[in-house]
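Residue numbers (this note's numbering): 10 to 351.
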């Protein structure tokens, strides 16, 4: 039955008011409380499911095995081989301090985002058992009769059955900030997409002006907003430009350091004391000396400063590398006007 409800955005636009009530098995008095509870159990909560993120321990550990960190681990190990334990411990300390600092920055941003979500109350005004009441938005079900007033957020996809000069802000779905006029009349124009139907309202949008009543036909991941969220969640995260450049630098440094170390090994062997052990230790010392141990914390601190400056401008950065990505952005392709321009 869930797929049946999902298809209603195609046909609901052409139904009359009475046909909408009949199709969704509801009435002007709304759903009885027990029927609403039954449908909640059948369809599930009206929520956008988020992909479960990686455990915190894995987010912390990933700071130890990226390419540059691996190079530092090797350099630290070679420092012990070259009988330079102080340098080896110093390199290991750099890795740990950088990992803790990077993790702490991203952990704070993630917790701040979660706190913002909890601060916003999500309630919907619905008619149940003939009475208008407020219910948590997560408890909306197909067939609920929702009451819309100016300034209200819309928490589910619904078909209008009454409207009073209703205009909605669909910017979250279409990118256009101009309020859209809505009507409760039936429309049978097959060339229109569900989002373009004038008698539909959608989750994630809001009432800019006027009011009305609408019957919910899709909730949660079945809404247009949920389908968009599902598409974005299926996209794999790519490396940022900074991470790509750091990878190239790491490879280049490793090649140069190893090459020079090998050259000095042979020079020491053929033109020096001809001692393999001493020549190897000498070559290892050269390789370790050529590794820029301070580059990793320098990059992390500079990104952290960028995060701090963005925070002063009321922008929350969840991932450190995003600061550099934003900084190197030269072109933004968008059809949205008014909000991004002055």
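In this text, a Cβ means the ideal position worked out from N, Cα and C, and glycines have one as well. From a predicted model like this one, the values you see are computed outputs, not experimental measurements.
Beta-carbon contacts of residue i that lie in its chain and below 7 Å, excluding the five residues immediately before and after
i, result
"residue 15", "Only weak support is given to the placement of residue 15: the predicted model assigns it a pLDDT of 42, under 50, and the value that follows is read from those uncertain coordinates. Counting only Cβ-Cβ distances below 7 Å, and skipping sequence neighbours, we find 227, 231."
"residue 159", "216, 218, 219, 220"
"residue 339", "none"
"residue 239", "230"
"residue 295", "269, 270, 273"
"residue 119", "327"
Beta strand (DSSP E) segment containing residue i, residue limits
i, result
"residue 169", "166–178"
"residue 252", "Residue 252 -> not in any beta strand (DSSP E); alpha helix (DSSP H) instead, spanning 250–280."
"residue 155", "154–157"
"residue 63", "First-last for residue 63: undefined, no H or E at that position."
"residue 298", "It is not in any beta strand (DSSP E) - residue 298 instead sits in the alpha helix (DSSP H) that spans 285–299."
"residue 340", "Residue 340 -> no beta strand (DSSP E), and no H or E assigned at all."
"residue 137", "132–137"
Proximal residues to residue i (C-beta, below 6 Å), its chain only, five neighbours per side dropped
i, result
"residue 252", "330"
"residue 287", "none"
"residue 235", "57, 229"
"residue 12", "Its pLDDT being 41, under 50, residue 12 is placed unreliably by the model, and nothing is read from it."
"residue 315", "332"
"residue 213", "181, 234"
"residue 249", "330, 334"
"residue 247", "none"
"residue 312", "329, 332"
"residue 278", "288"
Inter-residue CB distance, residue i and residue j (contact presumed, cutoff 8 Å)
i, j, result
"residue 135", "residue 156", "7 Å"
"residue 72", "residue 102", "Residue 72 to residue 102, Cβ: 14 Å. No contact."
"residue 84", "residue 290", "Not quite, the Cβ-Cβ distance comes to about 15 Å (not below 8 Å), so this is no contact."
"residue 208", "residue 191", "7 Å"
"residue 38", "residue 138", "7 Å"
Boundaries of the alpha helix (DSSP H) in which residue i is found, first to last residue
i, result
"residue 226", "Element bounds for residue 226: not the alpha helix (DSSP H) but the beta strand (DSSP E), 215–227."
"residue 150", "It is not in any alpha helix (DSSP H) - residue 150 carries neither H nor E in the DSSP assignment."
"residue 84", "76–90"
"residue 42", "42–52"
"residue 195", "Run containing residue 195: none; DSSP gives neither H nor E here."
"residue 307", "304–321"
"residue 31", "26–32"
Buried versus exposed, by CB contacts within 10 Å (16 or more), residue i
i, result
"residue 113", "exposed"
"residue 233", "buried"
"residue 201", "exposed"
"residue 111", "buried"
"residue 197", "exposed"
"residue 270", "buried"
"residue 325", "exposed"
"residue 90", "exposed"
"residue 285", "exposed"
"residue 115", "buried"
"residue 25", "exposed"
"residue 274", "buried"
"residue 172", "buried"
"residue 211", "buried"
"residue 104", "buried"
"residue 22", "buried"
"residue 153", "buried"
"residue 35", "buried"
"residue 48", "buried"
"residue 70", "exposed"
Test: residue i CB closer than 8 Å to a CB of chain C
i, result
"residue 199", "In the structure shown, chain C cannot be found, because there is only a single protein chain."
Cut-off 8 Å between Cβ atoms - residues of its own chain near residue i, not counting five sequence neighbours on either side
i, result
"residue 265", "299"
"residue 106", "306"
"residue 94", "88"
* Touching or not, the region 145–157 and the region 95–107, by the rule of three or more beta carbon pairs under 8 Å? -> Taking a contact to require three or more Cβ pairs closer than 8 Å, the region 145–157 and the region 95–107 do not qualify as touching.
* To do: Could you tell me whether the region 158–166 touches the region 61–72, using the rule of 3 or more Cβ pairs below 8 Å?
  => With a cut-off of 8 Å, the region 61–72 and the region 158–166 do not count as touching, because too few Cβ pairs lie within range.
* Indicate whether the contact test is met: 3 or more Cβ pairs, each with one atom in the region 204–222 and one in the region 174–187, closer than 8 Å. => Flag = yes, the region 204–222 and the region 174–187 touch.
* Segment contact, 8 Å Cβ cut-off, at least three pairs: the region 204–224 with the region 296–309 -> For the pair of segments examined, the region 204–224 was found not to touch the region 296–309: the number of CB pairs separated by less than 8 Å stays below three.
* Is it true that the region 72–83 meets the region 253–261, where meeting means three or more beta-carbon pairs spaced less than 8 Å apart? -> The answer is yes - the region 253–261 touches the region 72–83, with three or more Cβ pairs under 8 Å.
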